[in-house]
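J.: Heads up: the protein sequence lines correspond to chains A and B, in order. One point on numbering: in the numbering used here, the residue at position 68 of the first sequence is 75, and numbering is uninterrupted. One point on numbering: in the numbering used here, the residue at position 664 of the second sequence is 711, and numbering is uninterrupted. Glycine is no exception: its CB is placed at the ideal position from the N, C-alpha and C atoms. I am attaching a structure below and will ask some questions about it afterwards.
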Amino acid sequence: MSTGFHIVVCGSLVPDLLQTLEPVAGPTGPALKNEMMLPAVLDPWAGHALFEAAHLAAKHPGSKVWLVSLGPKAKLQQLMMSIAQKVPFELVAIDGSASGFTDPVEVAAALAGAIEKIPTLDRSRLLLFGGCASASRDAGVTVQMVGERLGITDQFLAADEVKVGADGTLTVLERVEGGQYLVSEVVGPPCAIAWATGNLPEPPNNPQVGMQNMRTLMPSLQKAQLAALSAQGGTFVSVEVPKQERKTRIVKDVPLDEMARDIAEWIKG
Amino acid sequence: MEKDGSPKGPPALLKTLPGDDVRQIMWRFADRFDYQMVVQSARAVARGPVARAVAKGARNSHEWTDDKAALLLEFDAAGITAAAVDPEYGGYIEGPKNFVLGLLAFELAWVDAGAGTSSMANTLALAPIHERGTPEQKALYMARSVPPQPGEDRKIWRGAFALTESIPYVGVDTGVLSGRVRVAEWNEGEEPILHVDKRGRFITNMGSASFVTAAVDSGDPRIKGSCMIILEETDPGTWDRGTPTKKLAHQLSSTRDPVFSLRVPAHRIIGGYTVKDGVIVPNYSHAEVIEAVFTRTRATPSIMTSAKLLSAIEPVIRYHRRRFRGAAGINEGTPRFDMGLQQKEDALHRLLDVWAAGEAGASLGFETSRLLDTYDDIEKAKSAVLATQGIAGGRAELKALRAREKDAAEFVALGANKNRSAAESARYDELAADPVLKFMITESLSSVLIPSAKLWNTGHGVNMMREAVSMMGGYGITEDCPGFLGTKWIDGQLEATYEGPEVVQRRQLSVTMSRPIFLQQFQTWIANLRDVAREHPSMGAGTLAAAMELWFWSREYLSTAKDAYGKDLYSNQRHGVTYPLADALAWLVATYHLVLDVLELKAKGPENPALAEGIDGLISFYTDLTHIHSATAAGEATKICAELVFGYRAESYPLDSTPANTDDDFKDVAPFIALRTKVDASLAGSKLAKDRASESLSHVMIPEVLDYPV
Ligand SMILES: Cc1cc2nc3c(=O)[nH]c(=O)nc-3n(C[C@H](O)[C@H](O)[C@H](O)COP(=O)(O)OP(=O)(O)OC[C@H]3O[C@@H](n4cnc5c(N)ncnc54)[C@H](O)[C@@H]3O)c2cc1C
């Protein structure tokens with residue numbers, strides 16, 4: 008492909024995964040305790056999508072990557088200090104809550120709206136990327152809904168690999184049930200790909216890349232529009248962190264198979 | 048928001064440990080995104096590859112191993128190496144770099160200061176060239192020290208700074224050089240070829256260095272005086288990296304005792320040379336070069352020790368809080384389960400002291416490096432003005448500067464006067480426009496801040512690191528201790544030693560703290576603190592101001608007083624007087640800068656939406672922490688001053704008397720007694736502040752696990 012891809016990655020921040028996440032009742036519904044004060048990281052699945060996007064763009068001259076992020080402006084800015092050093096991209100920031108308790112329908116609408124407004128985006132070359140899941144709200148539906156709103160009907164979920172053939176055909180490896188992969192082909196963009204982990208390691212930080220990105224980052228953050236998130240999307244009956252359970256049994260000389268069977272039984276309950 | 052003042056109901060508590068937003072405000076880099084990126088980048092290396100290397104036992108060898116060498120490549124990839132280099136030579140950060148190098152050191156030392164030292168020592172090796180090198184030397188060695196860019200096929204050069212020599216030569220005393228430079232060959236009309244013999248001792252980076260900046264003295268009548276000179280590993284002769292030092296600290300860096308006997312062209316003399324009557328005259332002596340170098344590089348190690356204290360907070364809280372979880376009968380929801388050892392007041396109070404020491408050290412260290420970032424331009428402007436008067440350094444300059452000391456002190460006083468008359472304002476503007484005065488003021492301040500930071504941050508820092516270790520019980524002195532606290536303790540002792548041990552800093556302070564300009568500056572600090580105490584009564588600023596007044600009086604008194612035998616107290620050789628007084632000052636200087644940083648947080652914190660949820664708790668906690676530390680610092684300074692003021696008097700005084708009823712005997716020190724009483728009285732509330740801060744410490748939310756391996 009001579010002109011390259013226009014890759015839009017949807018991804019935002021989640022509280023750093025090592026933090027204690029304690030649900031509390033906030034004024035507008037459930038929230039996490041001290042969420043704004045906790046250090047944030049890029050949502051891991053969105054991160055994989057971003058790194059895959061940069062990798063693909065680097066291999067296909069003329070490509071360009073945008074990161075569309077809906078999150079509190081001040082937190083997004085802090086996040087950019089590490090993410091923007093990893094790979095080159097242009098930020099499209101939308102100001103609003105990145106909480107896991109927002110409604111994905113509204114979030115998808117805000118993201119699609121922002122993508123539609125990217126002036127230089129060529130929709131015929133568009134690859135819509137994002138995570139197949141999220142560390143904050145694991146509904147696993149956002150990328151599909153953004154795709155629908157943008158009229159992209161070729162959608163691939165939980166992808167681990169995208170290969171581009173000489174004729175521009177994309178071959179996508181999607182995770183399906185039972186540890187199997189589904190291999191699909193699509194003639195080319197536009198299509199939507201919600202990434203699982205992909206195959207790339209997290210690129211190291213390089214402040215020099217960051218300084219390049221900085222030129223567009225700050226203006227984008229400054230002009231970030233407030234997203235209309237009503238928090239009316241749903242009612243939360245109860246919110247709790249998954250319970251940790253620890254059961255210890257001291258046994259000797261148990262064969263591996265038996266151990267595995269035992270654990271599987273225990274998980275089934 | 049919580050108001051300052053006496054207790055009025057429960058204060059807001061600290062919700063989370065201070066994050067980047069807080070640090071960016073306190074250390075004044077909220078608008079420097081380049082610095083913020085460098086911080087993130089260095090942090091990822093520190094808490095990733097560096098921590099893994101430590102956890103794997105890479106410190107358990109004195110040799111320069113592959114594991115250690117691999118860390119240098121990580122530094123290169125993360126932009127840490129190039130951060131020290133100017134963009135014109137391939138770096139990427141514009142302007143002076145003292146502050147950003149301080150941030151880098153902070154992040155690396157948070158995990159392992161030896162790793163920090165590897166990166167810092169390279170900057171130290173380049174510093175003589177950066178500060179005094181010729182344009183050609185700068186261009187060559189700076190560019191070589193930048194990691195190769197994609198597509199470039201070249202080796203990166205790493206450097207070492209070789210001043211210290213085998214015993215009995217250079218150590219604290221940098222004048223007793225045994226390294227020699229002689230003329231090896233000097234053909235008519237050609238550049239002289241020199242022969243350098245140098246035996247270094249404890250030279251950092253010798254395991255990886257391709258070049259060395261070495262201090263040597265002339266061993267030849269055709270060379271005048273001493274100089275610093277660049278040696279390269281491919282120069283003809285002996286380049287022996289020497290035996291590795293069997294260090295107990297900083298094992299991730301390489302330290303060896305190298306031996307050099309090399310032929311080098313004369314243009315390697317740092318800063319160049321002239322030839323006068325057949326004699327090579329270096330443009331800078333080694334003393335001139337190292338003065339410029341140490342002025343710029345001593346703040347960095349001081350920041351390392353403070354980083355370690357701050358890094359200890361989270362592991363200690365976690366250990367204390369979880370100490371009894373899992374024991375039979377200690378159920379979830381009970382105080383013993385939730386708070387563990389944090390139920391005990393002592394555990395909380397001692398950790399607050401560690402925290403406060405780390406904060407004050409970081410505040411002082413970073414302020415010092417920010418000040419140094421202004422230094423080069425100010426120094427150049429001064430030299431340009433003096434040059435127009437035909438003065439080009441040396442004694443003539445010292446004389447010219449001394450003649451302006453009164454003007455400089457007047458300028459400082461006018462600057463602090465908020466109600467200047469029209470005439471005073473005009474005079475102020477006139478003085479403010481003079482680059483020479485600006486330099487004198489900056490130099491006066493930096494020559495107190497640098498040694499204070501190096502002395503107090505590292506010296507007191509190590510003592511407090513020991514406290515942190517003891518709070519982890521037996522765990523503290525094992526390799527398994529989360530946060531590597533035991534190794535951080537012993538590492539701190541090295542930060543107190545290299546780049547000039549404590550004695551060197553005390554010696555410098557004993558001179559610089561008594562200069563009229565600084566004493567004027569010090570008085571403006573006291574006045575400032577009194578204003579702060581009025582506006583923010585619960586920060587302990589009044590206590591600090593009172594202790595500073597007491598120190599100021601004591602110094603004045605000691606400067607003319609004599610001991611019971613009629614001998615002067617304040618003199619060069621009387622270390623028993625001047626050095627403790629320097630220690631006392633360092634406590635006050637560090638605390639003053641903590642006050643300033645907390646004021647900054649109070650002013651700017653509420654503007655940051657990311658902090659909105661917790662700003663009240665942050666401010667009340669930091670206010671209390673400052674109060675706690677002001678009280679400690681005042682106590683230390685007062686104790687030292689009392690010993691000095693009273694300790695040299697004759698012992699004839701009856702044991703059961705008190706100064707109050709023997710006025711005649713103590714008339715000359717009556718002001719001291721009054722000032723000391725003022726300090727004591729001002730301590731009111733400081734322990735209440737500690738109780739409040741303890742409440743925060745026992746409730747603050749911490750992450751589930753440490754973000755680097757054990
Ligand atoms: C791991 C490590 C790395 C180092 N890296 C480097 C490097 O890269 N380059 C380099 O050049 N050097 C380096 N050094 C050397 C370091 O700077 C010196 O060890 C330090 O300056 C002290 O010198 P010394 O050990 O000879 O102590 P000495 O000069 O023997 O002093 C020992 C002690 O005696 C007392 N003392 C000495 N002189 C006086 C005095 N005038 N008045 C009062 N008391 C005094 C003090 O208590 C002092 O601490 C390193 C050292 C170590 C341990």
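(1) So B/Gln-568 packs on B/Leu-492, CB below 8 angstroms; how close in whole Å?
(2) Closer than 5 angstroms from C-beta to any heavy atom of ligand 1: which residues, in chain order?
(3) Provide the residue(s) that pair with B/Asp-454 in DSSP beta bridges, ordered along the chain.
(4) Quick test of your reading: B/Gly-137 and B/Leu-173, contact by CB under 8 angstroms. State the CB separation rounded to the nearest angstrom.
(5) Between the Cα of B/Gly-254 and the Cα atoms of B/Asp-133, B/Asp-114, B/Gly-412, B/Val-230, which residue gives the shortest distance?
(6) Identify the contact partners of B/Lys-62 in chain A, using a Cβ-Cβ distance below 9 angstroms as the criterion.
(7) Would you call the CB atoms of B/Ser-353 and B/Ala-168 closer than 8 angstroms?
(8) Given that B/Glu-751 touches chain A, what residues does it touch there, using C-beta distances under 8 angstroms?
(9) Compare the C-beta of B/Met-189 with all C-beta atoms of chain A and state if any pair is closer than 8 angstroms.
(10) Any residues in the stretch 368 to 397 of chain B with a beta carbon nearer than 8 angstroms to a beta carbon of chain A? Which ones, in chain order?
(11) From what residue to what residue does the beta strand (DSSP E) around A/Val-16 run?
(12) When you compare each of B/Leu-356, B/Ala-374, B/Asp-423, B/Glu-121 to B/Ser-410 by their alpha carbons, which one comes out closest?
(13) Here's the rule: buried if 16 or more other CB atoms are within 10 angstroms of the residue's CB, otherwise exposed. What is A/Gln-187?
(14) Once DSSP output is grouped into helix, strand and coil, what is the label at B/Trp-233?
(15) Could you tell me which residues DSSP puts in a beta bridge with B/Phe-146?
(16) Tell me the DSSP secondary structure of A/Leu-342 in three-state form.
(17) Go ahead and pull the three-state DSSP assignment for A/Pro-262.
(18) Keeping to the same chain, check which residues put their C-beta closer than 8 angstroms to that of B/Gly-52; ignore five residues upstream and five downstream.
(19) If B/Ser-165 and B/Asp-304 are in contact, beta carbons under 8 angstroms, what's the gap, nearest whole angstrom?
(20) Short of 8 angstroms Cβ to Cβ, which residues in the stretch 89 to 107 of chain A face chain B?
(21) Does chain B have any CB closer than 8 angstroms to the CB of A/Pro-211?
(22) Could you tell me the distance, in whole angstroms, from the CA atom of B/Phe-599 to the CA atom of B/Lys-485?
(23) Since A/Gln-85 meets chain B, which of its residues come closer than 7 angstroms, beta carbon to beta carbon?
(24) Closest to B/Arg-246 by C-alpha separation, out of B/Met-351, B/Val-228, B/Ile-240, B/Trp-233, would be which residue?
(25) Among A/Ala-81, A/Lys-93, A/Trp-73, which has the Cα closest to the Cα of A/Pro-126?
(26) For chain B, check one thing: does any of its Cβ atoms lie closer than 8 angstroms to the Cβ of A/Gly-217?
(27) Report the start-end ranges of each beta strand (DSSP E) in the stretch 308 to 338 of chain B that is 3 residues or longer and not cut off at the edges.
(28) If we ignore side chains and look at the alpha-carbon of each, how far apart do A/Ile-270 and A/Val-248 end up?
(29) Around the Cβ of B/Ser-108, are there at least 16 other Cβ atoms within 10 angstroms (buried) or fewer (exposed)?
(30) Find the residues of chain A that neighbour B/Val-85, judging by a C-beta separation of less than 7 angstroms, and give them in chain order.
(31) Between A/Pro-211 and A/Lys-93, what straight-line distance do the alpha-carbon atoms span, to the nearest angstrom?
(32) Sort out for me which residues DSSP pairs A/Gln-187 with in a bridge.
(33) Is there contact between the stretch 588 to 597 of chain B and the stretch 523 to 532 of chain B, where contact requires at least three CB pairs shorter than 8 angstroms?
(34) State the DSSP-derived secondary structure class of B/Thr-415, mapped to helix, strand or coil.
(35) Given that A/Pro-79 touches chain B, what residues does it touch there, using C-beta distances under 9 angstroms?
(36) Do you know offhand how far B/Lys-725's Cα is from B/His-396's?
T.: Well, looking at it:
(1) 6 angstroms
(2) B/Phe-208, B/Leu-210, B/Thr-211, B/Gly-218, B/Val-219, B/Phe-249, B/Ile-250, B/Thr-251, B/Thr-302, B/Tyr-545, B/Pro-548, B/Val-550
(3) Bridge partners of B/Asp-454: none, in fact.
(4) The Cβ separation is near 12 angstroms, so there is no contact.
(5) B/Asp-114
(6) Lys-40, Asn-41, Met-44
(7) no
(8) Leu-25, Gln-26, Thr-27
(9) no
(10) none
(11) 13 to 17
(12) B/Leu-356
(13) exposed
(14) coil
(15) Looking at the DSSP assignment, B/Phe-146 forms no beta bridge with any residue, so it has no partner.
(16) With chain A running from 8 to 276 in the structure shown, residue 342 of chain A is simply not present.
(17) coil
(18) Any reading at B/Gly-52 must be qualified, since the residue scores a pLDDT of 45, below 50, and its modelled position is unreliable; the value itself is stated next. Only Pro-584, Ser-585 meet the Cβ criterion.
(19) With 8 angstroms as the limit, B/Ser-165 and B/Asp-304 do not qualify as a contact, their Cβ atoms being about 18 angstroms apart.
(20) Ser-89, Ala-91, Gln-92
(21) yes
(22) 24 angstroms
(23) Asp-67, Asp-68, Ala-657
(24) B/Val-228
(25) A/Trp-73
(26) yes
(27) 320 to 323, 326 to 329
(28) 22 angstroms
(29) exposed
(30) Pro-214
(31) 6 angstroms
(32) A/Val-183
(33) no
(34) helix
(35) Pro-656, Ala-657
(36) 25 angstroms
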